[in-house]
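Below: the structure, in structure tokens.
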């Protein structure tokens, strides 16, 4: 299983190629800034807003924003825990699964049980 930066892993799902990771990162940060920061009553702390806009690491906020942009659920396995992102009333929305080890992510393409 290949491991990628968080944004590269998202790019693999939507573009089929990790090379679009930077464009995904830029789109998420732009959407976040335009829809949650600029002229809005942002409920996030200043530290969280700054981290979201500056960091090159994938954060919980980035995952929440991305799930909203493409109307999907995102599940991230980290150890024995699964963290879900996204809210939708549409039970037909797709689910994207990632496995996180440290700061690297791997797309989950099959589940064995």
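Numbering (the UniProt record's numbering), first residue to last: 1 to 113. We put the beta carbon where it would ideally sit given N, CA and C, even for glycine.
Checking the DSSP bridge columns, you'll see residue 82 partnered with 77. Taking C-beta separations shorter than 7 Å and ignoring five residues to either side along the sequence, the partners of residue 95 in its chain run 72, 73 and 75, following chain order.
Here residue 77 is not near residue 110, since their CB atoms are 7 Å or more apart. Judged by DSSP in its simplified three-state form, residue 52 adopts helix.
DSSP places residue 70 in the uninterrupted alpha helix (DSSP H) bounded by 60-70. Assignment of residue 101 by DSSP, reduced to helix, strand and coil, places it in the strand class. Rounded to whole angstroms, residue 62 and residue 102 show a C-alpha spacing of 17 Å.
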